[in-house]
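Participant: Got a structure for you, written out below as structure tokens; questions coming shortly.
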Amino acid sequence: MKTTIGWLKTHLETDATPETIAERLVMLGHDVEGVENRAENLAPFTVASVISAERHPNADRLKVCVVNTGKERIQVVCGAPNAHAGMKGVFAPAGTVIPRTGALLRETVIRGVASCGMLCSAYELGLGDDHEGIVELPEDAPVGVPYASYAGLGDTVLDIKVTPNRADCLGVLGIARDLAASGLGQLKPLNATPVPGSFRSPIGIHIEDRSACPLFLGRHLRGLRNGPSPEWLRGRLEAIGLRPISTLVDITNFLTFDLNRPLHVFDAGRIEGDLIVRFARPGETLLALNGQEYALDAEMTAIADRAGVQSLGGVIGGEATGCTEATTEVFVEAALFDPVRTAATGRKLNIASDARYRFERGLDPAFVSDGLEIATRLILDLCGGEASEIVTAGAVPDWRRRYVLHGERPGTLGGLHVPPEQSAAILTALGFAVEPLAGGNLAVEPPSWRGDIVGEADLVEEVLRVKGYDEIPAVPLDRDTALARPSLTPAQRRAELVRRTLAARGLVEAVTFSFISAREAEPFGGAKPELRLVNPISADLDTMRPSLLPGLVSAARRNADRGSPDVALFELGPLYRDDTPEGQALVAAGLRAGRTGQKHWRQASREVDLYDVKADALAALAAMGALGENIQAAADPPAWYHPGRAGTLRLGPKVLGAFGELHPAVLEALDARQPIAAFEVFLDAVPEPRAARAKPPLRLSVFQPIERDFAFVVDRELPAEILLRAARGIDRKLVAEIRLFDVYEGAGLPEGKKSLAITVVLQPQDRTLTDAEIEGFSKRLIAQVEKTTGGQLRG
468 MKTTIGWLKT HLETDATPET IAERLVMLGH DVEGVENRAE NLAPFTVASV
518 ISAERHPNAD RLKVCVVNTG KERIQVVCGA PNAHAGMKGV FAPAGTVIPR
568 TGALLRETVI RGVASCGMLC SAYELGLGDD HEGIVELPED APVGVPYASY
618 AGLGDTVLDI KVTPNRADCL GVLGIARDLA ASGLGQLKPL NATPVPGSFR
668 SPIGIHIEDR SACPLFLGRH LRGLRNGPSP EWLRGRLEAI GLRPISTLVD
718 ITNFLTFDLN RPLHVFDAGR IEGDLIVRFA RPGETLLALN GQEYALDAEM
768 TAIADRAGVQ SLGGVIGGEA TGCTEATTEV FVEAALFDPV RTAATGRKLN
818 IASDARYRFE RGLDPAFVSD GLEIATRLIL DLCGGEASEI VTAGAVPDWR
868 RRYVLHGERP GTLGGLHVPP EQSAAILTAL GFAVEPLAGG NLAVEPPSWR
918 GDIVGEADLV EEVLRVKGYD EIPAVPLDRD TALARPSLTP AQRRAELVRR
968 TLAARGLVEA VTFSFISARE AEPFGGAKPE LRLVNPISAD LDTMRPSLLP
1018 GLVSAARRNA DRGSPDVALF ELGPLYRDDT PEGQALVAAG LRAGRTGQKH
1068 WRQASREVDL YDVKADALAA LAAMGALGEN IQAAADPPAW YHPGRAGTLR
1118 LGPKVLGAFG ELHPAVLEAL DARQPIAAFE VFLDAVPEPR AARAKPPLRL
1168 SVFQPIERDF AFVVDRELPA EILLRAARGI DRKLVAEIRL FDVYEGAGLP
1218 EGKKSLAITV VLQPQDRTLT DAEIEGFSKR LIAQVEKTTG GQLRG
């Protein structure tokens, strides 16, 4: 947000210096990013006349000009097409720094001809975007005087950073109002005297859906003369970097920055019938004022006549009804448009207009009529003509809110005691309606332009902001000698343990977007209507993710595309099954792709498989206290896993996680070209571990452990976990470990069968086992396994 000190003083009666004003703005919460005195930057530039402009002997597009600077005649090589003898322009001698580029101008030779300076364009002077030709001054411009003095550019420019919640300060009036409330001057009254209409408007207004546009005011003006703007208007626009176009367009731009009231003027002679505010229809397009044609959709607010869409509400106008120098009648629009829909439209079409910037932050609903009256008066003053009666559609939304500011709250919330009388004075100066209550409390009604005030805390902020944050006393922290207490919740500690465990297993943590495209979400059971974003940051990020795996697969694909196909990634974050709090779950997900390691002469690498990610999932569960011996693996994975190479991890009926190779169709939908094994662990589903009890001391047996191997022929579909669980239950005190060491399918076995070989480690505690005891244990184990699995001991 830019303004000049002179412009600011049209609303604020003050004699404060630019430095004081900038300092006060910072104290009020408005960072000043720059204070620029253009006269200082343009000091070397002077008004000069071109005595002659001859064609360059060695270049068709260059001219050799002789320039009278008022002190001497200097030769300049110029490429501007409008350079001609007799004109007056802006001259920069050698040694000058060009404001726009920062380049140092030197004497040089261009195509064999010496050039000792430059005739400048508005772009090079930093006064606009026009760089097609050099600045051409009126014939009566005095030669030799400083250009800044001649053009009245001595006014200091402030570049103010306005926070998103302070939409009211996107106009010079809002800045002046804050400064006046802080005591730095007196706010001047705004003249919004109604302009009486002399005829009925031939153009009507109709609103089909008030959710998109609750209020639309319009006015027909005729008998206008639309030419160049007066010098004061051109100067203000140029000072903040805007290019003057014509009086009608310049007035709307001026009021946008002066009063934070965006307007639009239609050439009334080009409008066919009435204007209708409606949603755009599929297939409709708009050739906008910027020369671009845009395809519209049903989420966009269109302003249309019988011929079609003529403007996008709150975003940009159309070329077909735009004003030109030949325009003699206009229809002025002053409206309120839905901020969310306006922002979404601008983002979809990639249009960043000054109007959109203001509408999407919310405008003063009570200032629409006054803004139209002020615009009408200004147009009549500068363009002549007469105005119709105002045409109205819709109504002013109810903006009134009432809060109670308790007398002690500035002290308890902000650390600074402010008497209620002073709080009332500050809020009144800011435009709030204040009514004293008993006990030093205040009933406060925010003004219509302060839509960001939503409670008592905001009122305290306003009081302290104007009072001065620098007055808040410094209070040292209490010295607390007690031992520091853990700041993480049990759930956060478990998540951190999982994060460290997966990192220790060689996986790299990734952080991906919580929103993905509907195309990516659909294979994972997502893309539900309630999970679609109303205002996505891009068309490819419009759906809340139903799983963390799409983002990780995309990351793996990008790595593979860049020559790194071997990846191991994990992420901790939420997934979204629906739009309820219960539909959000915290998940640890990961994937492995490619090979387990690089080629090495000591050991061979292999392709990653489902057992690698199963081990990752079990390690994450173990880190949270879930005992591996209680977890069952089941062959019922979600649909996005390969049906024959995946499974779930269960604790009774509760699903703790899933693992396996991703389904080829899912990989194809995500444009992944290599097999990927993945896992998901649902942290919220893992039960909290029981209260820790003191562990008994570790007692190492002095007796030698005994190992026995067994191989069983079982059905091919039988999970190995069932066999291991049956063997483990024979004698838990005697059995120290059971592990699967071989799986065989093939020759020598019946069709549909496989061989599972296990090692059983027996650890006696009080004596050495006899051969008979070992033999008896073996018989019991064989019988139990055969009974449970239906298999047989392999001979």
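Quick note on numbering: the sequence shown equals residues 468 to 1262 in our numbering. Beta carbons: idealized from backbone N, C-alpha and C, even for Gly.
Assuming P1131 is part of the alpha helix (DSSP H), what are its boundary residues?
Facilitator: Unbroken alpha helix (DSSP H) run through P1131: 1131 to 1136.
Participant: Compute the distance between the beta-carbons of L742 and F733, then report whether it is under 9 Å.
Facilitator: Contact flag set, yes.
Participant: How big is the Cα-Cα spacing for T477 and T575?
Facilitator: Approximately 46 Å, taken between the alpha carbons.
Participant: Could you name the residues that DSSP lists as bridge partners for T513?
Facilitator: F558, P613.
Participant: By how many angstroms is the C-alpha of P903 removed from the C-alpha of H884?
Facilitator: Roughly 18 Å separates the two Cα atoms.
Participant: Starting from G775, follow its DSSP beta bridges and name the residues at the other end.
Facilitator: Per DSSP, D772.
Participant: Considering only the alpha carbon of each residue, which of P1041, Y1043, A1022 lies closest to D1033?
Facilitator: Checked all of P1041, Y1043, A1022; the closest Cα to D1033 is A1022.
Participant: Select from P1017, F1149, G973, G861 the residue whose C-alpha is nearest the C-alpha of L684.
Facilitator: Among P1017, F1149, G973, G861, the Cα nearest to that of L684 belongs to G861.
Participant: In the structure shown, what three-state DSSP assignment does R946 receive?
Facilitator: Coil.
Participant: Find the nearest neighbour of G852 within the set F804, R825, T794, H551, judged by alpha-carbon distance.
Facilitator: The residue with the shortest Cα to Cα distance from G852 is T794.
Participant: Closer than 7 Å by C-beta to V543: which residues in its own chain qualify, once you throw out the five before and the five after it? Chain order, please.
Facilitator: Excluding positions up to five away in sequence, the list reads C532, V534, S582, C583, G584, M585, L586.
Participant: Cβ of F1146 within 9 Å of Cβ of D1083?
Facilitator: Yes; because the gap between Cβ atoms is below 9 Å, this pair is in contact.
Participant: Excluding five sequence neighbours on each side, which residues of the same chain lie with their C-beta closer than 7 Å to the C-beta of F666?
Facilitator: Only S855 meet the Cβ criterion.
Participant: Return the first residue and the last residue of the alpha helix (DSSP H) that D1264 is part of.
Facilitator: There is no way to answer for residue 1264, as the model of the chain reaches only from 468 to 1262.
Participant: What runs of the alpha helix (DSSP H), each 4 residues or longer, lie entirely inside the region 918 to 995?
Facilitator: Correct list: 923 to 934, 957 to 971, 985 to 988.
Participant: Specify the secondary structure class of R1140 as computed by DSSP and reduced to three states.
Facilitator: In this structure, R1140 counts as coil in the three-state DSSP scheme.
Participant: To test your reading of the DSSP string, which unbroken alpha helix (DSSP H) runs of 4 or more residues are found completely within the region 821 to 859?
Facilitator: With a minimum length of 4 residues, the continuous alpha helix (DSSP H) runs that stay inside the region 821 to 859 are 821 to 826, 835 to 850.
Participant: Taking the alpha-carbon positions, what's the H523 to D635 distance?
Facilitator: For H523 and D635, the distance between alpha carbons rounds to 54 Å.
Participant: Where P560 and R573 are concerned, what is the direct C-alpha to C-alpha distance, given to the nearest angstrom?
Facilitator: Approximately 8 Å between the Cα atoms of the pair.
Participant: Counting beta carbon pairs with one atom in the region 691 to 703 and one in the region 595 to 613, are three or more of them shorter than 8 Å?
Facilitator: Too few Cβ pairs lie closer than 8 Å, so no.
Participant: Quick check on R823: buried or exposed, where buried means 16 or more other Cβ atoms within 10 Å of its Cβ?
Facilitator: R823 comes out buried.
Participant: Which parts of the region 1042 to 1112 are runs of the beta strand (DSSP E), unbroken and 3 residues or longer, counting only runs that do not cross its ends?
Facilitator: The qualifying runs are 1051 to 1060, 1099 to 1101.
Participant: For Y761, tell me which candidate among G740, A774, I783, R745 has the shortest Cα-Cα distance.
Facilitator: Minimum Cα distance to Y761 is reached at I783.
Participant: Would L1077 pass as a contact of E1128 if the rule is Cβ separation under 9 Å?
Facilitator: Closer than 9 Å, so yes.
Participant: Quick one: what's got a C-beta closer than 8 Å to F558's C-beta in the same chain, skipping five residues either side?
Facilitator: Here the set comprises F512, T513, V514, A515, V534, T536, I541, V543, G584, M585, L586, C587.
Participant: Hey, A774 and V744: beta-carbon distance below 9 Å or not?
Facilitator: For A774 and V744, no; Cβs fall outside 9 Å.
Participant: When DSSP labels each residue in this structure, what does F1037 get in the three-state scheme?
Facilitator: F1037: strand per DSSP, three-state reduction.
Participant: Among the candidates R1140, L1248, E1212, whose CA atom is the shortest distance from the CA of R1192?
Facilitator: Comparing Cα positions, the closest option is L1248.
Participant: Quick one: does S582 have its CB under 9 Å from some CB of chain B?
Facilitator: Checking the listed chains, one finds no chain B in this structure; it contains a single protein chain.
Participant: Would you identify the three-state DSSP class for G1259, choosing helix, strand or coil?
Facilitator: For the sequence presented, residue 1259 should be read as Gln rather than Gly. Strand at Q1259.
Participant: Would D725 and G781 qualify as a contact pair, given that the criterion is a beta-carbon distance under 9 Å?
Facilitator: The answer is no: Cβ separation not under 9 Å.
Participant: Could you spell out where the alpha helix (DSSP H) holding F721 opens and where it closes?
Facilitator: Residues 714 to 725.
Participant: Under 9 Å, do H687 and V835 count as touching if we go by C-beta distance?
Facilitator: Taking 9 Å as the Cβ cut-off, H687 and V835 do not qualify as a contacting pair.
Participant: Are I1315 and I674 closer than 9 Å when you measure CB to CB?
Facilitator: With the chain covering only 468 through 1262, there is no way to say anything about residue 1315.
Participant: S915 and W866 look like a contact to me (Cβ under 8 Å); what is the Cβ gap, rounded to whole Å?
Facilitator: With a Cβ gap of about 5 Å, S915 and W866 count as contacting.
Participant: On the criterion of 16 or more Cβ atoms from any shown chain inside 10 Å, does K538 qualify as buried, or is it exposed?
Facilitator: When all chains shown are included, K538 counts as exposed.
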